[in-house]
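Protein chains in written order, with this note's numbering: chain A, 30 to 505; chain B, 30 to 505.
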């Protein structure tokens, strides 16, 4: 003790800054470590969390879910009309799918309403914007989340029966997933635009383009998506906001498939030209591939692995493998981003779209280390990009050896978000995302980085705990 | 002094390790800094160097040469037969171009002799390997460096009159450069193979493929190479040993050009399929583009900027902007590389090819920071790749803002090697390179990293100094 007081005062303070300030004021040297109790110091939730951390039942379930995710082998098997593939969209049923967790017309954000209005016109269910909006508001058209129909869609995420959808099959487990076509940039339905030019482009995508690319997909020599995606990660893509390399690799495959077909040369040129000038073209295939992998991990009782993260422009919603179809929702966090000239955060719609399925599987924001050039689009520095990938390793069940990141010395991308680790560490999953204008029809106004809200994860682990026999205390 | 001896001994030793060892043996703390006098402690050369470092005439000349390099705008303008474009190859003249500095048949390495033998058969100047070798040895066929005809060729670098060559024009200054076609991997002429299958492929490349790709090049909507190369650097290429992204970007442009043409569909498919499955396809265009940029900087009196680095499998040769057509040669350094299974350094030919024109301009090894995945091919770690780019900044006149490296926070690639800086610092230019088997016909056996030999640079600066009036002392 004598020795201690003879020495200079050197303190490490964990938590409240006030204690550190006092030491410093008294002339001591103090190192302040930021720390806050998990789950907002909620005692009940803290007990729930304590029962889940290291719980062998949860760990076994997670190992099983994660192994299924790793084993999944997504393959691009077809391009078909949604009504011919997605349950609930066939037989003339009036149903439209949207991104994010469930939400009614009255609560939807501008871009999603605009896109639904456009889809109603596209389907011919109404002949003016006014009557289409009225129809949407009347409740006579079913509005369901894409995720509840095996599908995903970027931004507004609208899929109506006559739209073409990619069909991805996980050949390891046999599950199929769907995503609509990427319309390119500018005025597009996914940002809520629904003008005649937007609908004209959709009609061309649904007819000539559809026929050509369907023929190409059905003739692909190599339709396996995992190696293509792995290769793209070595070429600067993170497969959410940067898909330039993957789109180029797909372009090659489509071209070779078409040159050997009897598809009309003019139609082929128009279709391939559209693909060639859209560096985001692969995004929608990446999303379907990612959903097929996370769906493989879904439905393992007791697993805290996150299998869906998704946003509807109002709420952020997640699902866990172990809690089935249940959504855990909270208001979406704002996006810290780079805005196109003339726009600011004031103009932005809240975080929107199913594209966070890429982060759910360790791509997008989680794989930013692969994509230093992405920071020119979403902001930050290449060092931030690498740091983001490293930080996400603290909340994932592992690193996917099929998706290696050169800048991390070829370590796998952090994958399999564990809701327990998120709640325990306070580290939130990061998401690279486009930013839509809050009003329908204006389109993309920027891109940036956001996080999933903690509330989703704390609600999810509480619900998961309730499914475990020793947590409820009344197991038979 | 009293104070000094009262303290513990802390020494920084610069240069000879022996002094440091003695301090350590006496119980002192010693930090050893490696250092050696420039240019091998050759006193005369040291005086020459001293006269060049900071010499305003040299600095002005370098500024002018470097500005011309930066301003160059390479464009892919044609694909033609060598005899129709390259001086000395037309009019039925029997001349063959090879990589590296000048060398006679008797002194050539195995791969270069094998490739020349193959080219003689390809031209129909002989009808058997034996008679072709005899002809080559007879001296009746002129053998010139590619670089002396405005051309470059990878590895053996053989260009004979009937071979197609890319034509790149620097539209800023009007100079044109040429490079042969990339034959893909496996048994290929550039590694000295000359079997019937090698010649059959060359014949197809020189006929059907030539016709198709010539039509494509002449119809390109966008033939500017600098933006394409800049984009590829953001997609993991370093444009010497990794050209996957650039080849993909070129594939798109060729495809779109051909779909709008009247080229036969079968021929188009065969040609595009060849391009699609050759991730090195763009290398030869990168080389011609690089030569067009460094040729723009060539010929500025007094400039110590390196405008050629090249190897013939025996010697490494360089040229400076300020010393015209003079070559400065030394035996090539060994390659530190990754060998394909079954091969080792014992089997390797010395460093070979004109492809170091990429490093001459700040790409290849100088741009490794853009290409962390390249280390899987040439060895080392992604951290080494970044360190290599940073180190090269110490011997270049600047960083090229047209070619930015995301991992260096979008700094330009180090470009414009200054022979004076190389000699003064002892830092040697690094080169990413393929490794050929020393015997003709076996092909590539690995890839790795090597350096240019110092002797080239010390000879070059001595020759440059002799051109400067105040160095010779006898200026009029």
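All C-beta atoms in this analysis are idealised placements derived from N, C-alpha and C, irrespective of residue type, glycine included.
Keep in mind it's a predicted model, so treat the numbers as computed, not measured.
Three-state secondary structure assigned by DSSP to residue i
| i | result |
| --- | --- |
| residue 198 (chain B) | strand |
| residue 432 (chain B) | strand |
| residue 386 (chain B) | helix |
| residue 175 (chain B) | helix |
| residue 345 (chain A) | strand |
| residue 150 (chain B) | helix |
| residue 524 (chain A) | Any property of residue 524 (chain A) remains undetermined from this structure, which presents chain A solely from 30 to 505. |
| residue 439 (chain B) | coil |
| residue 372 (chain B) | coil |
| residue 256 (chain A) | helix |
| residue 362 (chain A) | coil |
| residue 240 (chain A) | helix |
| residue 264 (chain A) | coil |
| residue 479 (chain A) | strand |
| residue 340 (chain B) | strand |
| residue 474 (chain B) | strand |
| residue 444 (chain A) | strand |
| residue 456 (chain B) | coil |
| residue 461 (chain B) | strand |
Residue nearest to residue i in terms of C-alpha spacing, selected from the options
| i | options | result |
| --- | --- | --- |
| residue 490 (chain B) | B:65, B:332, B:198 and B:314 | B:332 |
| residue 477 (chain A) | A:355, A:251 and A:271 | A:271 |
| residue 248 (chain A) | A:286, A:264, A:211 and A:277 | A:286 |
| residue 106 (chain A) | A:243, A:87 and A:128 | A:243 |
| residue 340 (chain A) | A:350, A:185, A:171 and A:417 | A:185 |
| residue 428 (chain B) | B:113, B:75 and B:388 | B:388 |
| residue 197 (chain A) | A:215, A:293, A:162 and A:315 | A:315 |
| residue 208 (chain A) | A:392, A:183 and A:268 | A:183 |
| residue 403 (chain B) | B:308, B:94 and B:422 | B:308 |
| residue 382 (chain A) | A:396, A:365, A:417 and A:465 | A:465 |
| residue 90 (chain B) | B:449, B:459, B:461 and B:259 | B:449 |
| residue 166 (chain B) | B:143, B:176 and B:153 | B:143 |
| residue 82 (chain B) | B:279, B:454 and B:380 | B:454 |
| residue 497 (chain A) | A:46, A:86 and A:406 | A:86 |
| residue 19 (chain B) | B:372, B:145 and B:437 | The requested residue 19 (chain B) is not part of the displayed model; chain B covers only 30 to 505. |
| residue 485 (chain A) | A:221, A:336, A:306 and A:263 | A:336 |
| residue 415 (chain B) | A:277, A:436 and A:419 | A:436 |
| residue 487 (chain A) | A:451, A:320 and A:92 | A:451 |
| residue 297 (chain B) | B:254, B:246 and B:116 | B:246 |
| residue 127 (chain B) | B:290, B:220 and B:157 | B:220 |
7 angstroms Cβ shell around residue i - same chain, five flanking residues per side excluded
| i | result |
| --- | --- |
| residue 238 (chain A) | 300 and 303 |
| residue 210 (chain B) | 193, 234 and 313 |
| residue 376 (chain A) | 466, 467 and 474 |
| residue 494 (chain B) | 77, 80, 81 and 500 |
| residue 275 (chain A) | 257, 258, 261, 266, 268, 311 and 315 |
| residue 155 (chain B) | 149, 161 and 164 |
Cβ neighbours of residue i in the same chain (closer than 8 angstroms, five flanking residues each side left out)
| i | result |
| --- | --- |
| residue 43 (chain A) | 62 and 64 |
| residue 66 (chain A) | 75 |
| residue 231 (chain A) | 147, 151, 192, 212 and 218 |
| residue 439 (chain A) | 433 |
| residue 279 (chain A) | 257, 304, 310, 311 and 314 |
Nonlocal neighbours in the same chain, by C-beta distance under 6 angstroms from residue i, ignoring five residues either side
| i | result |
| --- | --- |
| residue 502 (chain B) | Reliability fails at residue 502 (chain B), whose pLDDT of 43 lies under 50, so the model's placement of it is uncertain and the value that follows must be treated cautiously. Excluding positions up to five away in sequence, the list is empty. |
| residue 379 (chain B) | 342 and 361 |
| residue 468 (chain B) | 139 |
| residue 53 (chain B) | 59 |
Near the ligand ZN: residue i beta-carbon under 7 angstroms from a heavy atom
| i | result |
| --- | --- |
| residue 362 (chain B) | Here there are no bound small molecules, and the ligand ZN is not part of this structure. |
**Q.** Ordered list of alpha helix (DSSP H) runs contained in the segment 30 to 88 of chain B, each at least 4 residues
**A.** For the segment 30 to 88 of chain B, whole alpha helix (DSSP H) runs of length 4 or above, ordered along the chain, are 31 to 35, 46 to 54 and 72 to 81.
Q.
Which complete beta strand (DSSP E) runs does the segment 290 to 318 of chain B hold, if anything under 3 residues is left out?
A. Considered as a whole, the segment 290 to 318 of chain B harbours no complete run of any beta strand (DSSP E) with no fewer than 3 residues.
Q: Any chance you could list the beta strand (DSSP E) runs of at least 3 consecutive residues sitting entirely within the segment 181 to 234 of chain A, in chain order?
A: With a minimum length of 3 residues, the continuous beta strand (DSSP E) runs that stay inside the segment 181 to 234 of chain A are 193 to 199 and 205 to 209.
Q: Indicate whether the contact test is met: 3 or more Cβ pairs, each with one atom in the segment 187 to 195 of chain B and one in the segment 435 to 446 of chain B, closer than 8 angstroms.
A: No: the two stretches stay apart, fewer than three of their Cβ pairs being nearer than 8 angstroms.
Q. Does the segment 126 to 141 of chain A come close enough to the segment 223 to 231 of chain A to have 3 or more Cβ pairs within less than 8 angstroms?
A. Remark: fewer than three beta-carbon pairs, one from each stretch, lie closer than 8 angstroms, so the segment 126 to 141 of chain A and the segment 223 to 231 of chain A are not flagged as touching.
(Q) Within 8 angstroms, do at least three Cβ pairs link the segment 85 to 100 of chain B to the segment 322 to 336 of chain B? (A) A contact exists between the segment 322 to 336 of chain B and the segment 85 to 100 of chain B.
Q: Decide if the segment 394 to 413 of chain A is in contact with the segment 347 to 359 of chain A; the criterion is three or more beta carbon pairs, one per stretch, under 8 angstroms apart.
A: No: the two stretches stay apart, fewer than three of their Cβ pairs being nearer than 8 angstroms.
(Q) Which runs of the beta strand (DSSP E) at least 3 residues long sit entirely within the segment 107 to 151 of chain A? Give them in chain order. (A) Unbroken beta strand (DSSP E) runs of no fewer than 3 residues, entirely contained in the segment 107 to 151 of chain A, are found at 124 to 127, following chain order.
Q. So, do the segment 358 to 374 of chain B and the segment 466 to 476 of chain B have three or more beta carbon pairs nearer to each other than 8 angstroms?
A. Short answer: they touch.
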